[in-house]
Amino acid sequence: MNIIVTGGAGFIGGNFVHMMVQQYPKDNIICLDALTYAGNMETVAPVLEAPNFQFVKGDIADRDHVYALFAQVHPDIVVNFAAESHVDRSIVHPELFLQTNIMGTGVLLDACRKYGIQRYHQVSTDEVYGDLPLDRPDLFFTEETPLHTSSPYSASKASADLLVLAYHRTYGLPVTISRCSNNYGPYHFPEKLIPLMIINALHDKPLPVYGTGENVRDWLFVKDHCRAIDMIIRNGTVGEVYNIGGHNEQTNLDVVKTIIHTLGKSEALIHFVKDRPGHDRRYAIDPTKIRTHLGWEPETRFADGISQTIQWYLDHRPWWEHIISGDYQQYYERMYGDRA
Ligand code: NAD
Ligand code: DAU
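As structure tokens, this is what we get:
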């Protein structure tokens, strides 16, 4: 099979590409990625020489380029990870999110219609459901929870989901959608909570916790997410949405303290800073559907996954040092300069 993976130079797409190239030597994995600030050829490097891997630099919203690639490759499956993914950036530059996350998805769907595919899979997010109150631990997101978004990022992802489902109903395109909770693990870009806190703590820099740190996220090790997507594209039912999550809710403050203690640092590094506008309070996934329909279960407990992740950042300093020496520092100043 020929499988186009968009956004494969990013965090989750990169982990997915590594898994697919290794696990399915007879499939050809073609990574289409625009290499935005979040795309990194050093993430792709471990598979670059593999005979069943090809890297193509390009924008999913560039219709001519996408059509030419489909005409050349004739993909059987398309898995769309490509997106602007950071909520804070979406608050500053929403237009970039509309362009890639909505228009880009539309171009990919049109290419799938034009050239024909067995499956289009949209990698979505639990953020499309909005948030849950902190004082109702009995509530979870199911696939039936109404879409109710908070940020330009989540609104753009929800728009893309609606487009994907419309192409299924109107044109009969064979699609699936997955909505996963917060991922963590290797190759996570250091603008997101966990890698940012690991790297700042290693440098004894302040750890900027938004608001009171009581917001709750439902953390899943990235490899468990990648396995779930593989199961959906092979055995999932066309037209269906699958939530992915491992019932691992933690407050941000608890996550930050775990990182501090693992690295042997002081809690005095914690700095409470101005809250994110529209900050979602709690995410919590009900994964009953994917467990009962496809037999998926998370394999990595948070205690093991976070230790492995911290060790990965200790063992792969060049990967994140190269990021920090580039665009990232200007970004950091812009985002955190006036929060102190
Ligand atoms: P990321 O920001 O690390 O990577 C995004 C990748 O997409 C980068 O390689 C970037 O270069 C590429 N890209 C961006 N715009 C592009 C364009 N126009 N054309 C081609 N490539 C482009 O993101 P991530 O955290 O790996 O997230 C991947 C997907 O998973 C996203 O769709 C995101 O919404 C979804 N998701 C993320 C999480 C999470 O916790 N990170 C959880 C659930 C769902
Ligand atoms: O739930 C899935 C989503 O998880 C994905 O769709 C997004 O692409 C991904 O970025 C992530 O969104 P979050 O906003 O939850 O992730 P982030 O790492 O930005 O923040 C996690 C929590 O930590 C959130 O409550 C905000 C808080 N935070 C974040 C940063 C960067 C801080 O307190 N301080 C920080 O410096």
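Residues in the sequence shown are numbered consecutively from 2, following the working numbering. Glycine included, each C-beta is placed from N, C-alpha and C at the ideal position. All figures in this text were calculated on a predicted structure; none of them were measured in a lab.
Rounded C-alpha distance that separates residue i from residue j
| i | j | result |
| --- | --- | --- |
| Phe-273 | Thr-143 | 32 Å |
| Glu-85 | Asn-41 | 14 Å |
| Asp-34 | Leu-140 | 37 Å |
| Tyr-172 | Arg-114 | 8 Å |
| Trp-313 | Ala-304 | 14 Å |
| Ile-261 | Ser-267 | 6 Å |
| Ser-1 | Ser-152 | Absent from the model: residue 1. The displayed extent of the chain is 2 to 341, so no value can be given. |
| Trp-297 | Leu-164 | 26 Å |
| Gln-330 | Arg-318 | Interpretation of Gln-330 is limited by its pLDDT of 42, a score under 50 that renders its predicted location unreliable; the figure taken from the coordinates is listed afterwards. So the alpha carbons of these two residues sit roughly 16 Å apart. |
| Ala-62 | Ala-269 | 45 Å |
| Arg-282 | Glu-215 | 8 Å |
| Asn-81 | Ile-230 | 11 Å |
| Thr-177 | Gly-59 | 23 Å |
| Trp-321 | Glu-50 | 22 Å |
| Lys-206 | Val-108 | 42 Å |
Integer-rounded CB distance, given that residue j should sit under 8 Å from residue i
| i | j | result |
| --- | --- | --- |
| Tyr-154 | Glu-128 | 7 Å |
| Ile-200 | Tyr-185 | Not confirmed; about 14 Å, so no contact. |
| Phe-56 | Cys-227 | Phe-56 to Cys-227, Cβ: 18 Å. No contact. |
| Tyr-130 | Leu-148 | 7 Å |
| Tyr-116 | Phe-54 | About 21 Å; that fails the 8 Å criterion. |
| Ile-271 | Val-257 | 6 Å |
| Ser-157 | Leu-99 | 6 Å |
Limits of the alpha helix (DSSP H) - the one that residue i falls within
| i | result |
| --- | --- |
| Asp-34 | Per DSSP, Asp-34 belongs to no alpha helix (DSSP H); it is in the beta strand (DSSP E), 29 to 34. |
| Phe-17 | 12 to 24 |
| Arg-114 | 106 to 116 |
Nonlocal neighbours in the same chain, by C-beta distance under 8 Å from residue i, ignoring five residues either side
| i | result |
| --- | --- |
| Asn-236 | Leu-295 |
| Val-1 | Missing from the structure shown is residue 1; the chain here goes from 2 to 341 and no further. |
| Leu-36 | Ala-10, Met-42 and Lys-58 |
Close beta carbons around residue i, own chain, < 6 Å, minus the five adjacent residues each side
| i | result |
| --- | --- |
| Ile-286 | Asp-127, Phe-142, Ser-182, Asp-219, Asn-244 and Gly-246 |
| Asp-77 | Met-2, Asn-3 and Gln-119 |
| Cys-32 | Val-6, Gly-9, Val-18 and Phe-56 |
| Gly-306 | Phe-222 |
| Leu-197 | Pro-191 |
Segment limits, beta strand (DSSP E) that includes residue i
| i | result |
| --- | --- |
| His-122 | 120 to 126 |
| Asn-391 | Here the chain has residues from 2 to 341 only, and residue 391 is not among them. |
| Val-242 | 242 to 245 |
| Thr-252 | 250 to 252 |
Residues near residue i in its chain [Cβ-Cβ closer than 7 Å; skip 5 each side]
| i | result |
| --- | --- |
| Tyr-188 | Phe-12, Gly-15, Asn-16 and Thr-44 |
Jot down the residue ranges of each uninterrupted beta strand (DSSP E) in the stretch 256 to 335, minimum 3 residues, whole runs only, in chain order. 271 to 274
4-residue-minimum alpha helix (DSSP H) runs that sit fully inside the stretch 144 to 226, ordered along the chain: 153 to 172 and 194 to 203
Write down every uninterrupted run of the beta strand (DSSP E) in the stretch 40 to 107 whose length is 3 residues or greater and which is fully enclosed by it, in chain order. 54 to 58 and 78 to 81
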